[in-house]
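What follows is a short report on a single structure.
In our numbering, the protein residues as written are 28 to 241.
So, in structure tokens, the structure goes:
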């Protein structure tokens, strides 16, 4: 079964015969190619051209993060599943206002329901977050939907200090995060973004076509 590999130390990825190796100051460790789903490079990583060629052939994405945990970019192999018809339909749904709104509204609804679920599991009141659902059907534009999502997320974050009693959150902050909780949220978002990118690679969808966030 293939799995994600998280490389947190500095080193080099190389290919020898039909095996990928990670080498650093502690030695050389084999990573069988048939066990790799995606690679997350959280340290300073050098990748040889032979390794890149082999990973590309096997459809393995490599996601790179800087020393602060922010996502920097990905090595995205040539798309073997690409379908012109699917990409055209994606573009059609992006350009059609009603189709795009339908998809974007579904994304926001899912996000709100997930936030409410987390609050309930944490013993917190989810009414303020759930109330945002009532505004979804009235939204007539993408900016309106993004505003509804932002309001729900602010209500969600307002509960964090109550949930995380041993850590201080106060408010959502970015670039740079002002405390440990914000740093973990940003890092988690980076990992989630790259994980979704890996999943999209294994479909016929194109990751550059968005329906909610521009």
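The beta carbon of each residue, even a glycine, is placed where N, CA and C say it ideally should be.
Here the structure is a predicted model, which means the values were calculated and not measured.
In the DSSP assignment, residue 49 forms a beta bridge with 40 and 56.
By the CB criterion at 8 Å, residue 131 and residue 172 fall inside the cutoff. The stretch 68-146 is shown to contain whole alpha helix (DSSP H) runs of 4 or more residues at 76-84 and 111-122, in chain order. Taking C-beta atoms as the reference points, residue 156 and residue 179 count as a pair closer than 8 Å. Under the three-state reduction of DSSP output, residue 210 falls in the helix class. Around residue 59, the same chain offers 46 as residues with beta carbons nearer than 7 Å, after the five sequence neighbours per side are excluded. Shortest Cα-Cα distance from residue 101 to any of 95, 213 and 217 involves 217. In the three-state DSSP reduction, residue 148 falls in the helix class (H, G or I). With fewer than 16 other CB atoms across the displayed protein chains lying within 10 angstroms of its CB, residue 168 is exposed.
Residue 65 carries a strand assignment under DSSP once its states are collapsed to helix, strand and coil.
Distances from the alpha-carbon of residue 140 to those of 153, 128 and 129 put 153 closest. For residue 236, there is no enclosing alpha helix (DSSP H), since its DSSP letter is neither H nor E.
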